[in-house]
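From first to last, the protein sequence lines stand for chains A, B and C.
End of the first sequence sits at 329 in my numbering; the numbers just go up one at a time, nothing left out.
End of the second sequence sits at 263 in my numbering; the numbers just go up one at a time, nothing left out.
End of the third sequence sits at 552 in my numbering; the numbers just go up one at a time, nothing left out.
Since the structure comes first, as structure tokens, the remarks are kept for the end.
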Amino acid sequence: MLAKWKLREVIVLSVLAVVFAVVYLLFLQLGNVLFGLFGLIGYDIIFGIWFIVSIIAAYIIRKPGAAFLSETVAATVEVMLGNAVGPQLIISGMIQGLGAEAVFAATKWKNYSTWVLMAAGMGSSVFSFAWGFYVSGFAALSPSYVTAMFFVRLVSGALLAGLLGKYLSEGLAKTGALNSFPLGKEHKRNVTV
Amino acid sequence: MSLHEVNPSIKAFTIVISILILSAFFDPITPILIILWTVTLTFVFGRVSLKKWLLLLAPFLFIAVIYVWSTLLFPRLQEGDHVIWQWGFLTMTAEGFRRGVSLGLRVLSFATLSIMFTLTTKPTDFLLSLMQQCKLPPKLAYGIMAGYRFLPLIKEEFQILQNAHRVRGVARARTISEKMQQLKRYVIPLLAGAIRKAERTALAMESKGFTGEKNRIFYREIKLSYIDWLFFILMISAVVLSVCISWKFGYLQFYNGEL
Amino acid sequence: MLPFEPQIKVEDLGFSYEDSYIFKDLSFSILKNQSLFLLGPSGSGKSTLAYCLNKLYPEAVDGVITGKIMFEGKNLNDFKPGELNQKIGIVFQDPESQFCMLTVEEEVAFGLENFHVPRAEMEAKIDRALEWVGLQAEKKTVIHTLSGGQKQKLALACVLALEPEVIILDEPTANLDPQSSTELVETITKLRKTRPFTLIVIEHKLDDWIELIDRCLVLDSTGAILFDGITLQCFGEFAPFLKKEGIWLPKVVEAGISAKNEGFYKGERLPLRTAELLSGLEDSSAFFKKESKNTTLMEPILEVNGLYARGHLKNITLRIHKGEKIALVGQNGSGKTTLSKCLAGFLPLTKGEIQFLGVPLSKWKEKDLYQSLGYVFQNPEHQFITDCVYEEIAFGLSQRAIVSSVLETMNLQKHAGAHPFALSQGQKRRLSVATMLVHEQELLILDEPTFGQDANTAHEIMSVLNEKNGAVFMITHDMELVDQYADTVYVLNEGELIFSGTPERLWGKRDVIERARLKLPFRKQLQNEMVRREIHVAT
Numbered sequence: 137m138l139a140k141w142k143l144r145e146v147i148v149l150s151v152l153a154v155v156f157a158v159v160y161l162l163f164l165q166l167g168n169v170l171f172g173l174f175g176l177i178g179y180d181i182i183f184g185i186w187f188i189v190s191i192i193a194a195y196i197i198r199k200p201g202a203a204f205l206s207e208t209v210a211a212t213v214e215v216m217l218g219n220a221v222g223p224q225l226i227i228s229g230m231i232q233g234l235g236a237e238a239v240f241a242a243t244k245w246k247n248y249s250t251w252v253l254m255a256a257g258m259g260s261s262v263f264s265f266a267w268g269f270y271v272s273g274f275a276a277l278s279p280s281y282v283t284a285m286f287f288v289r290l291v292s293g294a295l296l297a298g299l300l301g302k303y304l305s306e307g308l309a310k311t312g313a314l315n316s317f318p319l320g321k322e323h324k325r326n327v328t329v
Numbered sequence: 005m006s007l008h009e010v011n012p013s014i015k016a017f018t019i020v021i022s023i024l025i026l027s028a029f030f031d032p033i034t035p036i037l038i039i040l041w042t043v044t045l046t047f048v049f050g051r052v053s054l055k056k057w058l059l060l061l062a063p064f065l066f067i068a069v070i071y072v073w074s075t076l077l078f079p080r081l082q083e084g085d086h087v088i089w090q091w092g093f094l095t096m097t098a099e100g101f102r103r104g105v106s107l108g109l110r111v112l113s114f115a116t117l118s119i120m121f122t123l124t125t126k127p128t129d130f131l132l133s134l135m136q137q138c139k140l141p142p143k144l145a146y147g148i149m150a151g152y153r154f155l156p157l158i159k160e161e162f163q164i165l166q167n168a169h170r171v172r173g174v175a176r177a178r179t180i181s182e183k184m185q186q187l188k189r190y191v192i193p194l195l196a197g198a199i200r201k202a203e204r205t206a207l208a209m210e211s212k213g214f215t216g217e218k219n220r221i222f223y224r225e226i227k228l229s230y231i232d233w234l235f236f237i238l239m240i241s242a243v244v245l246s247v248c249i250s251w252k253f254g255y256l257q258f259y260n261g262e263l
Numbered sequence: 014m015l016p017f018e019p020q021i022k023v024e025d026l027g028f029s030y031e032d033s034y035i036f037k038d039l040s041f042s043i044l045k046n047q048s049l050f051l052l053g054p055s056g057s058g059k060s061t062l063a064y065c066l067n068k069l070y071p072e073a074v075d076g077v078i079t080g081k082i083m084f085e086g087k088n089l090n091d092f093k094p095g096e097l098n099q100k101i102g103i104v105f106q107d108p109e110s111q112f113c114m115l116t117v118e119e120e121v122a123f124g125l126e127n128f129h130v131p132r133a134e135m136e137a138k139i140d141r142a143l144e145w146v147g148l149q150a151e152k153k154t155v156i157h158t159l160s161g162g163q164k165q166k167l168a169l170a171c172v173l174a175l176e177p178e179v180i181i182l183d184e185p186t187a188n189l190d191p192q193s194s195t196e197l198v199e200t201i202t203k204l205r206k207t208r209p210f211t212l213i214v215i216e217h218k219l220d221d222w223i224e225l226i227d228r229c230l231v232l233d234s235t236g237a238i239l240f241d242g243i244t245l246q247c248f249g250e251f252a253p254f255l256k257k258e259g260i261w262l263p264k265v266v267e268a269g270i271s272a273k274n275e276g277f278y279k280g281e282r283l284p285l286r287t288a289e290l291l292s293g294l295e296d297s298s299a300f301f302k303k304e305s306k307n308t309t310l311m312e313p314i315l316e317v318n319g320l321y322a323r324g325h326l327k328n329i330t331l332r333i334h335k336g337e338k339i340a341l342v343g344q345n346g347s348g349k350t351t352l353s354k355c356l357a358g359f360l361p362l363t364k365g366e367i368q369f370l371g372v373p374l375s376k377w378k379e380k381d382l383y384q385s386l387g388y389v390f391q392n393p394e395h396q397f398i399t400d401c402v403y404e405e406i407a408f409g410l411s412q413r414a415i416v417s418s419v420l421e422t423m424n425l426q427k428h429a430g431a432h433p434f435a436l437s438q439g440q441k442r443r444l445s446v447a448t449m450l451v452h453e454q455e456l457l458i459l460d461e462p463t464f465g466q467d468a469n470t471a472h473e474i475m476s477v478l479n480e481k482n483g484a485v486f487m488i489t490h491d492m493e494l495v496d497q498y499a500d501t502v503y504v505l506n507e508g509e510l511i512f513s514g515t516p517e518r519l520w521g522k523r524d525v526i527e528r529a530r531l532k533l534p535f536r537k538q539l540q541n542e543m544v545r546r547e548i549h550v551a552t
């Protein structure tokens, strides 16, 4: 998969992952507050933020594997940062990344419209929920509560990962920092036309 | 034997497998035994500082408590459950209580395993080991390493941005849309700077002859030895043993594919 | 390779990126162990050319290369990926972004690993390379904690460890203080004596290098070759043409040009050494005249009494007067940025007091304080908070009418709608200063406003600041700026103020200059040189 990637793209992907690994750890604290207020479902409200790097990396770089790798690297960096999220987090990251990647794969990595980006965020929601169901033992909770959690997470994935990811990527394209990437080139074309 | 010397990949693999097995059971005894075992290992063979350990554990204690009360308030009701207390739509059952405590303890057992890994593994060793033992492509591994180096820079930049915003008289964000603006004002400059630096780093790495080729001779070799496998066997046996003990005392409850 | 055959031969080389040519039809050759300057205005494609020579381009970007480059008689296309990088090494401008490992030894090892050096030989090679640049003691150090100068030496060590035949230096001193720059040049001079290699230097600050360089290859703004020949001829005869192109010149050549224009210099060709300049000067006293500044000080606006902070600053007492232009100098790590942050209220004090406009700094409301006190950060991007240049200046202003006049003074009117980040380096700097100037603060603090700027931008900014009514407190490494613009200069050394007074007084304090590792401005160096010669002649 990586053979077709330029080193520049790989490093930019990991730097995105590093920045968002830090953001993720900060949001863990916000998550804990919401968690304290609303119980388990509190996490689901902001769960989408933890998929955002998949959307941003895929939207900017537009290569097969961008969504999967960025989320996996972000998880690996979180483990390296050592805030006690152990190595199993890498598995969670891979699963979340796969969810988004699956949606991009369905468009053959050609379509990066708003709807696809939102669907990719929801893809991560679905995959992560299935994994969470097993590892966190949601089976012990009432089915209606679990269903509510699922839908909240779905919406969060669409909004906080899909929409917010698009918004931030486009803000970034305006700065000219992405000029050598597909998104930056697209932006430049739109500006000059 | 020291936990610091255990091969990082094997250590990570062992912990992931342990967690996968533990996730199949819903009972309080198995996680308690694992917690005791892991804590003993961490302090005897890891020689970590108690203060650091407690600091890392604290948030998980909090999460565990939330798990308990979430399961208490919204339990999965099954026929024959013993209702202890009922008020409106809230129902508390003895079984729900037990499951809640089990889930809370599960969180703590995962946490102690994770902390054992975190406090006894150097980040660079982990990456080198992933490359040398798990065949992680060097392109990605060195990419992560290069990205990891950016962290202190990003932290410094963040502090500068805070001061710069104060001088410019950016007011504290109150509404949601102001908060979004604020997020953008921090994230975009940080990312724009980081991306440009990343492109320069990539060029510098290529200028030193890095092509991502798989067969490298490593200056620092992360070795595999019998100790690593001993650790693996010891940990997995402990998990299996805990499950057996729990079963012996009649506490064990399987994940029955309940949906 | 045949004897006398050039080591590098470039024929009809062109490079285009996104359908526009950076340069085309370049032909030249370089002999083994030659040393040359690659000069040109910004945007002329110097770095691009350098990256083509060692095959980093076009692979690393989506560019198209035409023509051919031969290295030791072999076409570059026939080298395997990465192979050439062992033969042609490069040191980049930015010390922060050319490493990928955490410690010094790992970073040097990274290059050796790429070329399959047997593990048994690695350690010895690492030690030797670190010894060459004088970093043996830092072998296990984490790179992040090194100073800028040490980082550039490490970058050089990484290249040297591979024992290349050509070394390219792409503005290696752009981010270093004067002393570290001189040290880097000394290291390279020493190395070349024991171990010759071809040296290609892209630089702005030329003075330190001039003794080392045999030849200059100059590109113009369209990417065509403007001059190719020996250094002596390049600066001695063609300097006025280079200046017109906006190419940096050595200070002595600059001085020669202005002396010639004013009719003081009678030498046939422009001088490359101070001695030459002096012997060519006819009326030297007239050349050295400096208008003395009006030094009557107004009432103080900021008073610092016995300040201690961060366990680093010790017992600092100073007064900033209304309208005073102050320069703060000192070597890296002396506490300059810490002090300026304390003055701006970003850092807590451990002891002492700061009064601004008669009120303790801690008593000010944040909003009111920053209406009267501005701060310009080292990296202009940190200050930008909106999406377009116009909004950036208008932010927080009640009167939008003045925005367009500000844009005009800063020569930014054409870019009013652009994103601040998309501006050029110089435009960004001007914008960041403009965002502070519109509020007409009593005091403006600047952290190295001319760092990494070209000569024109630096002087533009300084003249705008000079005309400003409010006081200016500026950190700088540039002694020429201090000499030209400051009323007062403070010297900070290891957290203590060791001097305060006019620049002219500072230049007379040899012990202070040495302790704080400062350099005399060129004007003063010349004067001293002249005095020395007069004494010599007299005896």
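Even glycine gets a Cβ: it sits at the ideal position worked out from N, Cα and C.
Bear in mind the structure is a predicted one, so any value in this text is a computation, not a measurement.
Item: Please report the straight-line C-alpha distance between residue 274/A and residue 327/A, rounded to a whole angstrom.; Value: 49 Å
Item: To the nearest angstrom, report how far apart residue 324/A and residue 188/B are at their CA atoms.; Value: 20 Å
Item: Ends of the alpha helix (DSSP H) at residue 247/C?; Value: 244 to 257
Item: Just to confirm before moving on: does the CB-CB distance between residue 36/C and residue 28/C stay below 8 Å?; Value: yes
Item: Would you mind giving the Cβ-Cβ distance between residue 356/C and residue 486/C, rounded to the nearest angstrom? I have them listed as a contact below 8 Å.; Value: 7 Å
Item: The beta strand (DSSP E) spanning residue 504/C covers which residue range?; Value: 501 to 506
Item: Under 8 Å Cβ to Cβ from residue 408/C, same chain only, skipping five residues before and after it: list those, please.; Value: 398, 399 and 448
Item: What are the start and end residues of the beta strand (DSSP E) that includes residue 318/C?; Value: 313 to 322
Item: Alpha carbon to alpha carbon, how far is residue 263/B from residue 50/B?; Value: Per-residue confidence for residue 263/B stands at a pLDDT of 39, beneath the threshold of 50, marking its modelled position as unreliable; the derived number appears in the next sentence. Answer to the nearest angstrom: the Cα atoms are 40 Å apart.
Item: For the putative contact between residue 489/C and residue 340/C, defined by C-beta atoms under 8 Å, what is the C-beta separation to the nearest angstrom?; Value: 6 Å
Item: As a quick exercise: from 190/A, 168/A, 170/A and 223/A, pick the residue whose alpha carbon is nearest that of residue 15/B.; Value: 223/A
Item: Quick check: what's the CA-CA separation for residue 405/C versus residue 378/C?; Value: 23 Å
Item: Interface residues of chain B around residue 99/C at Cβ under 7 Å?; Value: 213
Item: Does DSSP put residue 89/B in a helix, a strand or coil?; Value: strand
Item: Are the region 119 to 132 of chain B and the region 160 to 168 of chain B in contact at 8 Å, needing three or more beta carbon pairs?; Value: no
Item: Which residues in chain B have a C-beta closer than 9 Å to the C-beta of residue 304/A? List them in chain order.; Value: 187, 188, 191, 192 and 195
Item: For residue 240/B versus residue 6/B, is the C-beta distance shorter than 8 Å?; Value: no
Item: Do you know offhand how far residue 12/B's Cα is from residue 208/A's?; Value: 17 Å
Item: Quick check on residue 395/C: buried or exposed, where buried means 16 or more other Cβ atoms within 10 Å of its Cβ?; Value: buried
Item: Excluding five sequence neighbours on each side, which residues of the same chain lie with their C-beta closer than 7 Å to the C-beta of residue 31/B?; Value: 106, 250, 255, 256 and 257
Item: Scan the region 218 to 237 of chain B for residues whose Cβ lies nearer than 9 Å to a Cβ of chain C and list them as they occur along the chain.; Value: 219, 220, 221, 222, 223, 224 and 225
Item: When DSSP builds the beta bridges, which residues end up paired with residue 228/C?; Value: 49/C and 243/C
Item: Using a cut-off of 8 Å between C-beta atoms, extract the partners of residue 312/A located in chain C.; Value: 432, 434 and 435
Item: Where does residue 30/C fall in DSSP's three states?; Value: strand
Item: Quick check on this structure: which residue in 195/A, 197/A, 164/A and 194/A has the alpha carbon closest to the alpha carbon of residue 181/A?; Value: 164/A
Item: Cβ closer than 8 Å: which chain C residues qualify as neighbours of residue 316/A?; Value: 74 and 75
Item: Use the C-beta contact count for residue 303/A: other C-beta atoms within 10 angstroms, 16 or more gives buried, fewer gives exposed.; Value: exposed
Item: Could you pull the DSSP bridge partners for residue 332/C from this structure?; Value: 316/C
Item: Leaving out five residues before and five after residue 68/B in sequence, what residues of the same chain have Cβ atoms less than 6 Å from its Cβ?; Value: 108, 111 and 112
Item: Assuming residue 231/A and residue 267/A are in contact, meaning their beta carbons sit under 8 Å apart, how far apart are those beta carbons, in whole angstroms?; Value: 5 Å
Item: Where in the region 53 to 114 of chain C do unbroken runs of the beta strand (DSSP E), each at least 3 residues long, occur, reported from the N-terminal end onward?; Value: 76 to 84 and 101 to 104
Item: State the start and end residues of the unbroken alpha helix (DSSP H) segment that holds residue 240/A.; Value: 224 to 242
Item: Between residue 233/C and chain A, is there a C-beta pair that is closer than 8 Å?; Value: no
Item: Determine, using beta-carbon pairs with one atom in the region 130 to 141 of chain C and one in the region 66 to 86 of chain C, whether at least three such pairs fall under 8 Å.; Value: no
Item: Looking at chain B, which residues of the region 140 to 152 of chain A have a Cβ within less than 9 Å of any of its Cβ atoms?; Value: 141, 142, 143, 144, 145, 146, 147, 148, 149, 150, 151 and 152
Item: Report yes or no: is there a C-beta of chain A within less than 8 Å of the C-beta of residue 227/C?; Value: no
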